[in-house]
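Undergrad:
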Amino acid sequence: MEYLLIRQRFTDYDTWRAAFDGLAEVRAAAGMRTVLVSVDAERPEEAVVLFECEDAQAMRRHFASDALKEAHAKAGVVPGSNQASVLLPR
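Sequential numbering of the sequence shown, starting at 1, is according to my numbering.
1) To the nearest angstrom, report how far apart residue 26 and residue 18 are at their CA atoms.
2) Excluding sequence positions up to five away, which residues of its chain have a Cβ less than 8 Å from the Cβ of residue 31?
3) Three-state secondary structure (DSSP) at residue 30?
4) Helix, strand or coil for residue 58 per DSSP?
5) Do residue 6 and residue 37 have their C-beta atoms closer together than 7 Å?
6) What residue from 69, 2, 8, 15 has the CA that sits closest to residue 78's CA?
7) What would DSSP say about residue 19, mapped onto helix, strand or coil?
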């Protein structure tokens with residue numbers, strides 16, 4: 001089991017959230033469960049999302065997918081703002 005922590009800036013929260021929610025089935029098919037969706041307290045234009053990932057390879061394929069890139073464009077994700085960290089529980 002791995003976790004994926006995502007930080008990304010957006011231009012409009014409601015637009016970003018609709019695009020995020022629209023990928024729920026795609027993420028579920030990749031074995032990803034949303035643990036937390038939040039915004040940074042100091043930077044409210046930055047989303048912070050934590051996923052639990054059952055299948056590390058499927059998660060990596062999803063992260064590199066064209067569907068995700070298209071969703072980022074539709075969501076108004078600020079180019080170059082996406083940061084991802086894979087976390088291992090101890």
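Note that beta-carbon positions come from the ideal geometry of N, C-alpha and C, so glycine has one too.
TA: By the coordinates alone:
1) In this structure, the alpha-carbon of residue 26 lies about 14 Å from that of residue 18.
2) So the list reads 53, 54, 55, 58, 59, once near-sequence residues are dropped.
3) Coil at residue 30, not helix or strand.
4) Looking at residue 58 - three-state DSSP - the assignment turns out to be helix.
5) Contact: no.
6) Ranked by Cα distance from residue 78, the first of 69, 2, 8, 15 is 8.
7) Three-state result, residue 19: helix.
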